[in-house]
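Q: In the order they appear, the protein sequences are chains A and B.
Sequential numbering from 361 applies to the first sequence in our numbering.
Sequential numbering from 6 applies to the second sequence in our numbering.
Provided herewith is a single structure, encoded as structure tokens, for subsequent inquiry.
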Amino acid sequence: MTTPPEAPHDEDDPTGMRQVLHSLPDPGPMPPDLVARITAALEAERRDTVVIPLIQRPRRVWPRYAAAAAVASVALAGGLAVINVLQHGSADSMTAGATIQAESTTGGQQDQAASSPKAPVASGSNATRDTAYSEAAQTSVHMSNRSYAAQTLALQAAATVANPGPTTLPLVGESPSVGPIATPIGARDCASALGVPTSSAVVADLGTAEGEAVALIVATDEGGARTAYLVKRSCHSGHPGIIAGPVALAAS
Amino acid sequence: MALPASLSELSDRELIERHLAGDDGSAFGEIFRRHRDRMYAVAIRTTGNTELAADCVQDAFVSAFRRASSYRGEAAVTTWLHRIVVNACLDRLRRERTVLRRSADLGELDLPDRRDDHHGTDLRLLVRSALESLPEGQRMALILVDMHGLSVVEAAEVLGVAAGTIKSRCSRGREALAAELARRGYPPSDRQEGTG
Chain A
361 MTTPPEAPHD EDDPTGMRQV LHSLPDPGPM PPDLVARITA ALEAERRDTV
411 VIPLIQRPRR VWPRYAAAAA VASVALAGGL AVINVLQHGS ADSMTAGATI
461 QAESTTGGQQ DQAASSPKAP VASGSNATRD TAYSEAAQTS VHMSNRSYAA
511 QTLALQAAAT VANPGPTTLP LVGESPSVGP IATPIGARDC ASALGVPTSS
561 AVVADLGTAE GEAVALIVAT DEGGARTAYL VKRSCHSGHP GIIAGPVALA
611 AS
Chain B
6 MALPASLSEL SDRELIERHL AGDDGSAFGE IFRRHRDRMY AVAIRTTGNT
56 ELAADCVQDA FVSAFRRASS YRGEAAVTTW LHRIVVNACL DRLRRERTVL
106 RRSADLGELD LPDRRDDHHG TDLRLLVRSA LESLPEGQRM ALILVDMHGL
156 SVVEAAEVLG VAAGTIKSRC SRGREALAAE LARRGYPPSD RQEGTG
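Structure below.
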């Protein structure tokens with residue numbers, strides 16, 4: 361809505377300032393690059409919601425649903441982009457949609473790889489690049505939106521590790537409401553803040569606890585011992601934001 | 006479910022209802038399309054900085070998407086969005102100002118240098134600068150009512166105060182703004198003579 365408001369009456373403003381303020385030029389429409397950026401952020405939010413029910417399917421049939429989710433995600437993102445263009449004729453919407461589609465394809469491949477819970481996904485990328493990426497390669501990040509509780513943390517964490525669901529897509533970490541913990545490097549940074557050694561594998565799952573956005577962190581050391589923590593999503597180096605834990609999980 | 010093409014015919018409230026019912030994101034996409042320019046303008050006028058405004062308005066729309074259930078339908082959707090955007094801007098502005106104060110670096114803000122305040126200064130920058138000198142409550146009341154055209158009642162809902170408070174903030178804010186502008190040489194003396 362860019363229609364300028366009705367010109368103010370000056371009877372109740374002897375200073376004349378109302379007229380001065382009203383006469384200032386409008387900042388203009390939202391720039392196309394910002395429209396695309398916010399559209400992508402909203403699309404990431406929507407996609408997080410879409411994949412949630414798939415995680416709660418029986419484990420035995422999971423790989424089939426993961427593949428279906430990847431295909432559906434790509435189709436939906438592409439479809440939305442087309443709808444955007446058809447409705448609004450907006451080239452920037454199409455650009456955003458195309459970007460999301462590319463991200464979804466990458467994510468889908470990760471989802472399929474993640475179907476083996478005992479093999480954390482190398483979602484960081486090339487393990488030889490540097491230390492951070494090497495550590496990130498032992499880190500997988502998921503977004504089940506499960507509701508966790510401190511009292512049942514051990515049981516819930518074990519269930520999550522056994523059936524973690526798809527990894528988060530790269531764009532999710534860009535969302536200001538989710539943050540860096542949604543990326544392997546961010547989750548590893550949080551694990552370091554918790555004192556988890558770099559040799560341990562880390563599984564992070566974004567969920568809730570008592571209505572608040574939280575993250576579950578499960579570290580598995582070289583001997584196979586597993587420890588779970590519940591932390592705030594703001595968890596990062598120097599500021600772990602522990603809500604519950606550490607809790608030792610039963611051996612698998 | 007109706008075809009996506011019919012979204013443009015739905016009211017804002019119907020779009021929110023559809024979004025809460027769990028659609029494919031297109032209902033909120035339509036909300037964003039309808040209100041993005043106005044919310045961007047609010048963010049620009051509140052922060053006075055294009056980069057900050059961009060971050061704030063993105064935070065605000067993502068927040069609105071996630072917390073759409075907090076919309077209780079008592080006010081117009083646009084008022085609810087205004088509130089979210091204004092709060093996002095004020096939160097961000099307070100944080101940024103703290104950082105700037107600590108670093109004593111004002112280079113990132115689009116604020117004019119006071120040394121440039123003379124008769125030839127662009128009115129927009131002059132007013133922007135003068136607005137910055139007002140208390141936050143008065144400044145926001147003037148931005149929403151006088152610059153953005155909201156009614157006193159709407160501005161009261163956005164800022165979470167009584168309508169009477171907005172009226173008094175506007176009145177005192179205009180007086181303070183006029184005094185501040187006069188101190189900075191506005192209106193120019195030749196213009197005063199011409200219009201008098």
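Glycine included, C-beta positions come from ideal geometry on N, C-alpha and C.
#1: Between the segment 64 to 83 of chain B and chain A, which residues of the former have CB atoms less than 7 Å from a CB of the latter, in chain order?
#2: So, at 7 Å on beta carbons, what are the nonlocal neighbours of Gln63 (chain B) in its own chain, with the 5 sequence-adjacent residues on each side left out?
#3: Suppose you measure from the CA of Val591 (chain A) to the CA of Thr580 (chain A); what does that come to, to the nearest Å?
#4: Just how far apart, CA to CA, sit Gly571 (chain A) and Ser507 (chain A)?
#5: Check for me: the beta strand (DSSP E) holding Glu572 (chain A) runs from which residue to which?
#6: Compare the C-beta of Thr375 (chain A) against all C-beta atoms of chain B and say whether one is closer than 8 Å.
#7: For the alpha helix (DSSP H) that Ile603 (chain A) lies in, which residues bound it at each end?
#8: I need the DSSP call for Val538 (chain A), collapsed to helix, strand or coil.
#9: Please classify Val158 (chain B) as buried or exposed, where buried requires at least 16 other C-beta atoms within 10 Å of its C-beta.
#10: Does any residue of chain B bring its CB to less than 8 Å from the CB of Gln416 (chain A)?
#11: How many angstroms separate the CA atom of His356 (chain A) from the CA atom of Arg397 (chain A)?
#12: According to DSSP, His599 (chain A) sits in a beta bridge with which residue or residues?
#13: What is the DSSP secondary structure of Arg189 (chain B), counted as helix, strand or coil?
#14: Would you report the Cα separation of Met145 (chain B) and Thr512 (chain A), rounded to the nearest angstrom?
#15: If we define contact as Cβ-Cβ less than 8 Å, is Leu381 (chain A) a contact residue for chain B?
#16: Is the Cβ-Cβ distance between Arg593 (chain A) and Leu554 (chain A) less than 8 Å?
#17: Beta carbon of Met44 (chain B), beta carbon of Val90 (chain B): below 8 Å?
#18: Using a beta-carbon distance below 8 Å, is Met152 (chain B) in contact with chain A?
#19: Classify His502 (chain A): buried if its beta carbon has 16 or more other beta carbons within 10 angstroms, exposed otherwise.
#20: Quick one: residues in its chain with C-beta nearer than 8 Å to the C-beta of Gly165 (chain B), no 5 flanking neighbours on either side, listed in chain order?
#21: Is there contact here, the segment 597 to 606 of chain A with the segment 27 to 46 of chain B, by at least three beta-carbon pairs under 8 Å?
#22: Less than 8 Å separating the beta-carbons of Glu180 (chain B) and Ser138 (chain B)?
#23: Is it right to say Pro544 (chain A) is buried, meaning 16 or more other beta carbons lie within 10 angstroms of its own, or is it exposed?
#24: For Leu586 (chain A), write down the residues that DSSP places opposite it in a beta bridge.
#25: Please classify Ala564 (chain A): does DSSP put it in a helix, a strand, or coil?
#26: Determine, using beta carbons only, whether Glu80 (chain B) and His24 (chain B) come nearer to each other than 8 Å.
#27: Just by C-beta distance, which residues in the segment 387 to 402 of chain A are closer than 7 Å to chain B?
#28: Please compile the residues from chain A whose C-beta is within a distance smaller than 7 Å of the C-beta of Ala168 (chain B).
#29: Give the secondary structure of Val4 (chain B) by DSSP, where H, G and I count as helix, E and B as strand, and everything else as coil.
#30: Does Gly53 (chain B) have its Cβ less than 8 Å from a Cβ in chain A?
#31: Let me check one thing: in DSSP terms, what residues is His502 (chain A) bridge-paired to?
#32: Report back the beta-carbon spacing between Ala517 (chain A) and Ala588 (chain A) to the nearest angstrom; my notes put them in contact at under 8 Å.
#33: Taking just the CA atoms, how far does Ser134 (chain B) sit from Pro391 (chain A)?
#34: Determine, using beta carbons only, whether Ile171 (chain B) and Ala183 (chain B) come nearer to each other than 8 Å.
#35: Is the separation between the beta-carbon of Ile148 (chain B) and that of Pro387 (chain A) shorter than 8 Å?
#36: Start and end of the alpha helix (DSSP H) containing Glu137 (chain B)?
A: So, from the listed chains and residues:
#1: So the list reads Asp64, Phe66, Val67, Ser68, Phe70 and Arg71, given in the order they occur along the chain.
#2: When the five nearest sequence neighbours on each side are left out, no beta carbon in the same chain lies closer than 7 Å to the beta carbon of Gln63 (chain B).
#3: Spanning the alpha carbons of Val591 (chain A) and Thr580 (chain A) requires a straight line of approximately 17 Å.
#4: Near 8 Å, if we compare the C-alpha coordinates of Ser507 (chain A) and Gly571 (chain A).
#5: Start and end: Glu572 to Thr580.
#6: Yes, its Cβ sits closer than 8 Å to a Cβ of chain B.
#7: First-last for Ile603 (chain A): Ile602 to Leu609, but that is the beta strand (DSSP E), not the alpha helix (DSSP H).
#8: DSSP places Val538 (chain A) in the coil class of the three-state scheme, outside both helix and strand.
#9: Of the other Cβ atoms in all chains shown, fewer than 16 fall within 10 Å of the Cβ of Val158 (chain B); this residue is therefore exposed.
#10: Here the model assigns Gln416 (chain A) a pLDDT of 37, short of 50, so the residue's position is not dependable, and the following value carries that caveat. Closer than 8 Å: no.
#11: Look at the range of chain A in this structure, 361 to 612, and you will see that residue 356 (chain A) is not part of it.
#12: A:His596, per the DSSP bridge assignment.
#13: In the structure shown, Arg189 (chain B) sits in coil (DSSP, three-state: anything other than H, G, I, E or B).
#14: Going from the Cα of Met145 (chain B) to the Cα of Thr512 (chain A) covers about 47 Å.
#15: Interface residue, yes.
#16: In this structure, Leu554 (chain A) does not lie closer than 8 Å to Arg593 (chain A) by Cβ.
#17: The Cβ atoms of Met44 (chain B) and Val90 (chain B) lie closer than 8 Å to each other.
#18: Proximity of Met152 (chain B) to chain A, defined by a Cβ-Cβ separation below 8 Å, is satisfied.
#19: Buried, since its Cβ has 16 or more Cβ neighbours within 10 Å.
#20: Contacts found: Arg88.
#21: Contact check between the segment 597 to 606 of chain A and the segment 27 to 46 of chain B: fewer than three CB pairs, one atom from each, fall below 8 Å, which does not count as touching.
#22: The Cβ-Cβ distance between Glu180 (chain B) and Ser138 (chain B) does not fall below 8 Å.
#23: So Pro544 (chain A) counts as buried.
#24: Strictly speaking, residue 586 (chain A) in this sequence is Arg, with Leu absent from that position. For Arg586 (chain A), which the question treats as bridged, DSSP gives the partners A:Thr580 and A:Leu609.
#25: DSSP places Ala564 (chain A) in strand when its eight states are reduced to three.
#26: In the sequence as displayed, the identity of residue 80 (chain B) is Ala instead of Glu. Result no, Cβ atoms of Ala80 (chain B) and His24 (chain B) do not sit closer than 8 Å.
#27: Those residues of the segment 387 to 402 of chain A that come within reach of chain B (Cβ to Cβ, closer than 7 Å) are Pro387, Pro389, Met390, Leu394, Val395, Arg397, Ile398, Ala401 and Leu402.
#28: In chain order: nothing, as chain A lies at least about 14 Å away.
#29: As displayed, chain B neither begins before 6 nor continues past 201, which places residue 4 (chain B) out of reach and without an answer.
#30: In terms of beta-carbon proximity, Gly53 (chain B) stays away from the interface with chain A, with every pair separated by 8 Å or more.
#31: His502 (chain A) pairs with A:Thr527 and A:Asp565.
#32: With 8 Å as the limit, Ala517 (chain A) and Ala588 (chain A) qualify as a contact, their Cβ atoms being about 4 Å apart.
#33: Cα atoms of Pro391 (chain A) and Ser134 (chain B): separation of roughly 24 Å, rounded to the nearest angstrom.
#34: Inclusion of Ile171 (chain B) and Ala183 (chain B) in the CB contact set at 8 Å is not warranted, their separation being larger than that value.
#35: Taking the C-beta atoms as reference points, Pro387 (chain A) is found no nearer than 8 Å to Ile148 (chain B).
#36: Unbroken alpha helix (DSSP H) run through Glu137 (chain B): Leu128 to Glu137.
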